[in-house]
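Which chain is which? The protein sequence lines are P and Y, in order. Heads up: the first sequence runs through residues 5 to 119, numbered per our numbering. Heads up: the second sequence runs through residues 83 to 193, numbered per our numbering. By construction, the Cβ of each residue, glycine as well, lies at the ideal position given by its N, Cα and C atoms. Since this is a predicted model, take the numbers as computed values, not measurements. Written below as structure tokens is the structure these notes are about.
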Amino acid sequence: AQSVTQPDIHITVSEGASLELRCNYSYGATPYLFWYVQSPGQGLQLLLKYFSGDTLVQGIKGFEAEFKRSQSSFNLRKPSVHWSDAAEYFCAVVMTTDSWGKLQFGAGTQVVVTP
Amino acid sequence: DTAVSQTPKYLVTQMGNDKSIKCEQNLGHDTMYWYKQDSKKFLKIMFSYNNKELIINETVPNRFSPKSPDKAHLNLHINSLELGDSAVYFCASSLKTDTQYFGPGTRLTVL
């Protein structure tokens with residue numbers, strides 16, 4: 005079955021430390037890939053996306069993600085976390101064969117930043 | 083200069099009532115969506131409209147009826163509200179299948 009998996013429900017990281025959030029997908033072909041962030045009580049903000057081309061994608065707020073076709077993964081990274089990065093992070097995909105962009109989300113990873 | 087806006091931000095109502103949520107986008111997009119985020123923060127698409135035409139209709143009770151009066155607006159009307167309808171509802175918009183931009187959400191609480 006088609007799915008998006010975020011294996012880590014919850015991650016705690018110290019301010020200034022590096023962060024990596026995992027995302028794996030299970031689809032017949034490579035989908036379009038997205039990472040969104042949801043701060044408490046807020047809507048979803050796009051961090052970055054991958055459609056094609058360079059497999060290392062730069063996003064906003066110092067985030068980057070790497071697409072690895074062999075591992076069906078699209079992991080999100082940040083070298084040095086700030087307290088304001090505490091939020092819920094969602095990986096999402098759209099099938100390239102989908103004419104109408106139905107986003108399918110992972111379950112999310114909650115990131116807690118400690119001083 | 084809000085891109086995707088929703089009203090109201092909070093909605094508290096009794097079971098059995100009928101309520102509406104409104105969404106407007108000023109991005110010039112042609113496609114709009116409704117998503118539901120449940121208490122475990124899981125997001126699932128409900129509906130999508132392209133140029134006022136319904137194109138995605140997931141398995142949603144027919145108590146939910148979207149309406150798109152024009153490309154910039156997508157409303158969601160819910161009849162006979164139930165406890166299980168309590169959730170955060172997000173509107174989003176995009177140009178065809180390009181990146182979707184989300185509104186701030188409407189938190190619906192059914193008592």
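- Those residues of the region 114–145 of chain Y placed with their C-beta closer than 9 angstroms to a C-beta in chain P are TYR115, TYR117, GLN119, LYS122, LYS123, PHE124, LEU125, LYS126, ILE127, SER130, ASN132, ILE137, ILE138, GLU140, ordered along the chain.
- Around the C-beta of PRO143/Y, fewer than 16 other C-beta atoms lie within 10 Å, and the residue is accordingly described as exposed.
- In this structure, ALA91/P lies near VAL41/P, with their beta-carbon atoms less than 8 angstroms apart.
- Apart from the 5 residues on each side of it in sequence, ARG189/Y sits with its Cβ closer than 6 angstroms to the Cβ of TYR92, VAL170 in its chain, given in chain order.
- The beta carbon of GLY66/P sits closer than 6 angstroms to the beta carbons of LYS82 from its chain, once the five residues preceding and following it are set aside; these are given in chain order.
- Within the region 41–72 of chain P, those residues whose Cβ lies closer than 7 angstroms to any Cβ of chain Y are, in chain order, GLN46, GLY47, LEU48, LEU50, LYS53.
- Taken atom to atom, the span from the alpha-carbon of PRO90/Y to that of LYS53/P is near 30 angstroms.
- Taking one beta carbon from each stretch, the region 127–139 of chain Y and the region 111–119 of chain P have fewer than 3 pairs nearer than 8 angstroms; the two do not touch.
- In summary, the residues of the region 106–117 of chain P whose CB is separated from some CB of chain Y by less than 7 angstroms are LYS106, LEU107, PHE109, ALA111, GLY112, in the order they occur in the chain.
- If you compare the alpha carbons of VAL17/P, HIS14/P, SER84/P, LEU25/P with that of PHE38/P, the shortest gap goes to LEU25/P.
- Residues of chain Y whose Cβ lies closer than 9 angstroms to the Cβ of PHE94/P are, in chain order, LYS123, LEU125.
- About 5 angstroms separates the CB atoms of VAL8/P and TYR29/P; that is less than 8 angstroms, so the two are in contact.
- By the Cβ criterion, the region 144–160 of chain Y is not in contact with the region 66–78 of chain P, since fewer than three pairs of Cβ atoms, one from each stretch, lie closer than 8 angstroms.
- Nearest C-alpha to ALA33/P among SER77/P, VAL17/P, PHE94/P, CYS95/P: SER77/P.
- Listed as beta-bridge partners of ASP100/Y by DSSP are no residues whatsoever.
- The three-state reading of DSSP puts ILE13/P in coil, since its state is none of H, G, I, E or B.
- Taking C-beta atoms under 8 angstroms as the contact rule, GLY63/P and THR179/Y fail to qualify, at a distance of about 19 angstroms.
- At a cut-off of 8 angstroms between beta carbons, GLY187/Y contacts chain P.
- A check of alpha carbon separations from ALA174/Y across VAL94/Y, GLN96/Y, ASP100/Y, LYS104/Y identifies LYS104/Y as the nearest.
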